[in-house]
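The sequence shown begins at 1 in full-length UniProt numbering and counts up by one. This report concerns only the one structure given below.
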Amino acid sequence: MSADFTSVRNHNERAVFEAVQSHADRYPGLAHNPELLADVACVALNRLAPRYIRHEVDFVFYLSERERGDSERQLLDAVEYAFGFVQARTAMRARG
């Protein structure tokens, strides 16, 4: 019998995607470009340690309140950095 791994996912993916969507309006040069928003999500995810889960409750159950708060701050910092990074790279390409 083989194992079914289809329910395994990185918790940060959904959280980063939501954060990128909710912060996009602050970056008008990127907000309406789906390709650049996907780049922002990739940069942010690459700055975060993966948190693999099968069910959302797994993430909530196994972390302390402090760890959840730290994780949220790290996620928001990564998204903020990613927007700045992609915005700067886009501006450099436009000039070059």
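Using N, Cα and C, we set each Cβ at its ideal position, and we do this for glycine too.
Only residues of its own chain outside the window of five on either side were considered, and among them Phe83 have a CB closer than 8 Å to the CB of Arg26, listed in chain order. Excluding residues up to 5 positions away in sequence, Val86 lie with their Cβ nearer than 7 Å to the Cβ of Asp39 in the same chain.
Shown here, Tyr52 sits in a strand according to DSSP, grouped into three states. Proximity to Ser22 across His11, Leu37, Val8 peaks at Leu37, based on C-alpha coordinates. Within 10 angstroms of the beta-carbon of Val60 lie fewer than 16 other beta-carbons, which makes it exposed.
Where Ala19 is concerned, the enclosing alpha helix (DSSP H) starts and stops at 11-23.
Rounded to whole angstroms, the separation of the alpha carbons of Leu30 and Asp58 is 34 Å. Its chain contains Tyr52, Ile53, Arg54 as the residues whose beta carbon lies nearer than 8 Å to that of Val8, once the 5 sequence neighbours on both sides are disregarded; these appear in chain order.
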